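Enquirer: Going by this note's numbering, the first residue of the sequence shown is number 31, and it counts up by one from there.
Here a beta-carbon is modelled for each residue, glycine too, at the ideal position from N, C-alpha and C.
As the structure is a prediction and not an experimental result, all values here were calculated from the model.
Below you will find the structure I want to go over with you.
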Amino acid sequence: MRIVLFLSCFILLAGCNSSDNIHPDYTFQKSLNYSELVERHYSQLASTQGYKYESKALVTEHNKHWPPLAKKCRAMLEDEGKDAFQFVFVLDSKGNVIDSRSPTSGKAAACFLNGIKEIKYPSPPFEYWYELVNVK
């Protein structure tokens, strides 16, 4: 009887500690730097649910709003003599953009960073979602 009880407890504990049940901490903090936000993006994207969310839900919604934003802000980018840059934005659990950052400064970057905050995205599979955008 003790062996059965021991084995039952062992199996239960092993199941609770399975790597399938461990989710990385994607909690958003203002103190995170740009590189840390980008790392979280790649970590989320490496998960099955993250890949599905980005490829099906996020990109579909993003592409509805991107053309007018890009048209408005790309002219500024060219005026500043830049042809490309990156930025990352953070979504909360409801799909609201709560932060956006870029290592690039200037009016064009500010235009994209402010414009992206006006887009409402589908709710992500995690409490926070980190999305990297390449502007070319």
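Where Leu143 and Gly80 are concerned, what is the direct C-alpha to C-alpha distance, given to the nearest angstrom?
Expert: In a straight line, the C-alpha of Leu143 is about 22 Å away from that of Gly80.
Enquirer: For Gln59, count neighbouring Cβ atoms within 10 angstroms of its own Cβ and tell me buried if that reaches 16, exposed if not.
Expert: So Gln59 ends up on the exposed side.
Enquirer: If I measure Cβ to Cβ from Asn63 and keep anything under 6 Å in the same chain, skipping five residues before and after, which residues do I get?
Expert: Taken in chain order, the list of residues that qualify is empty.
Enquirer: In angstroms, rounded to a whole number, what distance separates the CA positions of Ile146 and Val163?
Expert: Cα to Cα, the separation comes out at about 10 Å.
Enquirer: Verify whether the separation of the beta carbon atoms of Pro154 and Tyr83 is less than 7 Å.
Expert: Contact flag set, yes.
Enquirer: Would you identify the three-state DSSP class for Ser73, choosing helix, strand or coil?
Expert: Looking at Ser73 - three-state DSSP - the assignment turns out to be helix.
Enquirer: Quick one: measure Cβ to Cβ for Glu157 and His71, integer angstroms, because I've assumed they're closer than 8 Å.
Expert: Their Cβ separation, rounded to whole angstroms, is 15 Å, which puts Glu157 and His71 out of contact at 8 Å.
Enquirer: Can you tell which of Glu110, Gly111, Arg131 has the C-alpha that lies nearest to the C-alpha of Val118?
Expert: It is Arg131.
Enquirer: Identify which residue in Lys94, Ala87, Tyr151 has its Cα closest to the Cα of Asn126.
Expert: The shortest C-alpha separation from Asn126 is found at Tyr151.
Enquirer: Do you know offhand how far Asp28's Cα is from Asp129's?
Expert: Past the boundaries of the shown model lies residue 28; the chain is included only from 31 to 166, so the question cannot be answered.
Enquirer: Quick one: give me the first and last residue of the alpha helix (DSSP H) that Asp109 is part of.
Expert: That run of the alpha helix (DSSP H) goes 89-109.
Enquirer: Can you tell me whether Ala76 is buried or exposed? The criterion is at least 16 other CB atoms within 10 Å of its CB, across all chains shown.
Expert: Exposed, since its Cβ has fewer than 16 Cβ neighbours within 10 Å.
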